[in-house]
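Residue numbers (the numbering used here), protein chains in the order written: chain Z, 1 to 121; chain G, 122 to 242. For glycine and all other residues, C-beta sits at the position ideal for the given N, C-alpha and C. This one's a predicted model, so the numbers in the text were calculated from it and none came from an experiment. Here's the structure, in structure tokens; my notes come after.
Protein chains: 2
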Amino acid sequence: MSHISPPIERCDCEVIHQDVVNQVRSTLPSEESLYDLAELYKVFGDSTRIKILWSLDAAEMCVCDIAVLLNMTQSSISHQLRILKQAHLVKNRKEGKIVFYSLDDEHVRQILDQGMIHLTE
Amino acid sequence: MSHISPPIERCDCEVIHQDVVNQVRSTLPSEESLYDLAELYKVFGDSTRIKILWSLDAAEMCVCDIAVLLNMTQSSISHQLRILKQAHLVKNRKEGKIVFYSLDDEHVRQILDQGMIHLTE
DNA sequence: TGAACATATGAACAGTTGTTCATATGTTCA
DNA sequence: TGAACATATGAACAACTGTTCATATGTTCA
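Structure, rendered in structure tokens:
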């Protein structure tokens, strides 16, 4: 039933297993979902943000606390917290002029743990 | 027992909760571990690599198959596969001149799933 | 109200990264 | 052996990203 497949112009090589390609294609999530997933991991893919997340896993903290803890400028931390918040990884509450940040939900912890498990193998 | 903390020169703001900072600092993994964790997520943080991983979750494939499936050049896919392999996310086996790639272990699936769960909330 | 302070933000710059192009490597088969 | 093909790789370029610097916003308190 399977014939030798004709070459496809977009790619600089022949299709080796067209049936496999078709099968896999049918199981792939939407382009948009995969893009969003990559964007999510991109947020985790920075040392500073990882440190912030791991810190907030231990305790709620204000921007200044985090800056001191990580020995970085307040501005830098603030920029990163904005990115983390946009990705729904952290949330904040205001108390006077102080803004306290914390992890948004339990999933964030699980994602961090899962990654760490992969490393320690 | 808690006194007002003196300002620390490295940061452009006062320490608000020195006790919290100290406590969190004691629970943080090593600088190196957190760096490695960020590096791991950085690998997941690219659309092309996410597509490759998700594809390999469905079936073992050769470089050419993936290139056709994702409508990208063989060179680009090959470059990305090297990065994925260095991160121990994929493995390969050779059969003549064809190289088949597959997910390295079960953790990769779990990390992908965990991320997707976070998105669909 | 105005000084002091915690936080946010825009612009700019340097460092990083993904793709492309050209080409190399390594395998098969006639 | 040499042509054909699957894959790998180095260099270069454009696009993206994190930090810094300057400054704005918003709150407290004397």
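Euclidean distance between Cα positions of residue i and residue j
| i | j | result |
| --- | --- | --- |
| Leu40 (chain Z) | Cys62 (chain Z) | 23 Å |
| Leu202 (chain G) | Val136 (chain G) | 45 Å |
| Leu112 (chain Z) | Ala59 (chain Z) | 15 Å |
| Asn92 (chain Z) | Asn213 (chain G) | 44 Å |
| Asp178 (chain G) | Val90 (chain Z) | 30 Å |
| Ser223 (chain G) | Arg25 (chain Z) | 16 Å |
| Val99 (chain Z) | Glu121 (chain Z) | 38 Å |
| Pro7 (chain Z) | Val43 (chain Z) | In this prediction, Pro7 (chain Z) has a pLDDT of 38, which is less than 50 and means its spatial position is unreliable; what the coordinates show is noted afterwards. In a straight line, the C-alpha of Pro7 (chain Z) is about 38 Å away from that of Val43 (chain Z). |
| Cys13 (chain Z) | Tyr35 (chain Z) | 26 Å |
| Lys218 (chain G) | Arg49 (chain Z) | 42 Å |
| Val142 (chain G) | Asn22 (chain Z) | 53 Å |
| Lys51 (chain Z) | His79 (chain Z) | 14 Å |
| Cys185 (chain G) | Leu174 (chain G) | 15 Å |
| Gln18 (chain Z) | Ala67 (chain Z) | 53 Å |
| Lys215 (chain G) | Lys94 (chain Z) | 58 Å |
| Gly166 (chain G) | Ser154 (chain G) | 18 Å |
Rounded distance between the beta-carbons of residue j and residue i, thought under 8 Å
| i | j | result |
| --- | --- | --- |
| Leu243 (chain G) | Ser168 (chain G) | Since the first residue of chain G shown is 122 and the last is 242, residue 243 (chain G) is not available in this structure. |
* **the region 180–199 of chain G contacting the region 139–153 of chain G, beta-carbon criterion three pairs below 8 Å** => no
* Give a yes or no on contact between the region 109–118 of chain Z and the region 226–239 of chain G, applying the rule of three or more CB pairs nearer than 8 Å. => yes
* **Stretch-stretch touch, CB-based, cutoff 8 Å, three pairs: the region 81–96 of chain Z with the region 156–173 of chain G** => no
* Members of the region 48–60 of chain Z that neighbour chain G once the beta carbon cut-off is set at 7 Å -> Ile50, Lys51, Trp54, Ser55, Ala58, Ala59
* To do: Ignoring anything shorter than 4 residues or poking outside the region 174–207 of chain G, list the alpha helix (DSSP H) runs there in chain order.
  => 184–191, 195–207
* **Interface residues of the region 89–108 of chain Z facing chain G [CB-CB below 9 Å]** => Leu89, Ile98, Asp105, His107, Val108
* Give, in chain order, every residue of the region 65–83 of chain Z whose Cβ lies closer than 7 Å to some Cβ of chain G. => If the cut-off is 7 Å between Cβ atoms, the region 65–83 of chain Z has Asp65, Ala67, Val68, Leu69, Asn71, Thr73, Gln74 near chain G.
* Which runs of the beta strand (DSSP E), 3 residues or longer, sit entirely within the region 143–175 of chain G? -> none
* **Residues within the region 24–47 of chain Z neighbouring chain G, beta-carbon criterion of under 8 Å** => Among the residues of the region 24–47 of chain Z, those with a Cβ less than 8 Å away from any Cβ of chain G are Val24, Arg25, Thr27, Leu28, Pro29, Ser33, Leu34, Tyr35, Asp36, Leu37, Ala38, Glu39, Leu40, Tyr41, Lys42, Val43, Phe44, Gly45, Asp46, Ser47, in the order of the chain.
* Asked: Mind pulling the beta strand (DSSP E) runs of 3 or more residues that sit fully within the region 88–121 of chain Z?
  -> The region 88–121 of chain Z is shown to contain whole beta strand (DSSP E) runs of 3 or more residues at 90–95, 98–103, in chain order.
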